[in-house]
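Numbering (the numbering used here), first residue to last: 4 to 67.
Cβ atoms here follow ideal geometry from the backbone N, Cα and C, with glycine treated the same way.
If you're wondering where the values come from, they're calculated on a predicted model, not measured in any experiment.
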């Protein structure tokens with residue numbers, strides 16, 4: 004193999020790894036956004052029942 008072909012393959016590999024890194028970081032950002040949205044929905048759904056859960060906890064411990 005000549006030096007030029009090795010250098011070309013190295014450049015292709017470097018470009019591919021750069022692309023994979025960008026795709027990986029983009030995917031992580033998207034997953035974090037989805038996790039934030041899920042957390043908000045979870046809080047809205049269960050937020051209204053937190054007081055009832057606390058009261059049930061105290062009732063179960065025999066404090067009420």
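Contacts around residue i, its chain only, beta-carbon distance under 6 Å, and the 5 residues preceding and following it disregarded
i          : result
residue 16 : none
Residue interval of the alpha helix (DSSP H) (run including residue i)
i          : result
residue 11 : 6-50
residue 55 : 53-64
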